[in-house]
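When the letters of the sequence shown are read in order and numbered with our numbering, they come out as residues 1 to 260. Quick reminder that beta carbons are idealized off the backbone N, C-alpha and C, glycines included. As structure tokens, the structure follows; a few thoughts come after it.
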Amino acid sequence: MSAAPAAQADGAPLVLPKRAPRVDIDLERLALAGYLTPLAPRSLVADQFRVVKRPLIGNAVGPNAAEVARGNLIMVTSARPGEGKTFTAINLAISLAAELDTTVLLVDADVTRPSVMDVLGLPRSAGLMDLLQDDAVRLEDTLLRTNIDKLTVLPSGTAHARATEMLASEAMARLLQELSSRYANRLIVFDSPPLLLATESRVLATHMGQVVVVVQAEQTLQADVRAALATIDNCPLRLMLLNQARKAAVTGYDYGPAAV
Ligand SMILES: Nc1ncnc2c1ncn2[C@@H]1O[C@H](COP(=O)(O)OP(=O)(O)OP(=O)(O)O)[C@@H](O)[C@H]1O
Ligand SMILES: [Mg+2]
């Protein structure tokens, strides 16, 4: 265990801040990339995520919350890579943060292919991996407040050879317990590895209250969707989200029943 600054895979030191600093997301760049931002609250993507987030909020803090254990922990995953997990997780977090009384923490738990910081235009810094590896690193050392009101980010942190395995570790289970209880009123959205590539992603899912499985319309094989859903059979709330449904006239997003 060391209190020295963590090092990235390329050797560049990571700075561990004393308290949650504020970072500025480049909102114009994000909007240009097709993401939802507070700059364009009435865009099509904003409208789509208004629909997507409603049942999630209901299960996390709404009338159904009492029946959903850890409903505030929302994992975004998919069967295979490249189906739109990061796009969905970021938009969902921004959309949830726009709710009047919802504080949101976006966690980059896709630890072998982290991209949340790059998409948001933020420098990589200490995060999830550092928390799991080093007891001296505290949660508040890694959280970054942002220029989007009520949105905080937990980066994936220092690259680690056994990063995926660590998602299924006892330390991760303890961290999720801490997050769900200490931040019970906060919605926590996890960008995660695909279910069919990483068994650890399935273990991660067992700790979540809600799991959103992103399915790329006209791309993901039905057999893959079925296999992916089967891997998280024990999770009480599985929602399937159809991404990039070109034929849908009004919305590119749709929830389907979590069984195919
Ligand atoms: N609904 C959408 N509208 C526009 N662009 C999208 C949409 N969904 C995904 N994309 C774009 O498609 C690409 C792949 O999406 P994304 O990175 O979110 O997938 P991913 O599942 O996180 O991939 P990986 O498994 O590599 O992490 C990105 O460039 C993203 O911006
Ligand atoms: Mg991704």
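- [ ] Identify whether Ser181 lies in helix, strand or coil by the three-state DSSP scheme.
- [x] helix
TODO: Enumerate, from N- to C-terminal direction, the unbroken alpha helix (DSSP H) stretches of 4 or more residues contained entirely within the segment 57-88.
DONE: none
Task: Complete beta strand (DSSP E) runs within the segment 189-228 (minimum length 3 residues, chain order) - done: List check, beta strand (DSSP E) in window: 210-216.
- [ ] Examine ligand 2 and report whether any of its heavy atoms sits within less than 7 Å of the Cβ of Ser274.
- [x] Residue 274 is absent from the model: the chain starts at 1 and stops at 260.
Open item on the list: Closer than 8 Å is the cut-off here; do at least three beta carbon pairs connect the segment 166-178 with the segment 140-150?
Closed with: no
Task: Candidates Thr86, Ala65, Arg22 and Ala79, of which the one nearest Leu36 by Cα - done: Thr86
TODO: Give me whichever residues DSSP pairs with Met166 in a beta bridge.
DONE: Per DSSP, none; premise fails for Met166.
Task: Whole-Å CB distance - Thr164 paired with Glu200, under 8 Å assumed - done: 5 Å
Task: Beta-bridge partners of Arg145, as assigned by DSSP - done: Arg22 and Thr152
TODO: Look at the alpha carbon of Ala89 and the alpha carbon of Glu67, and state the distance between them as a whole number of angstroms.
DONE: 24 Å
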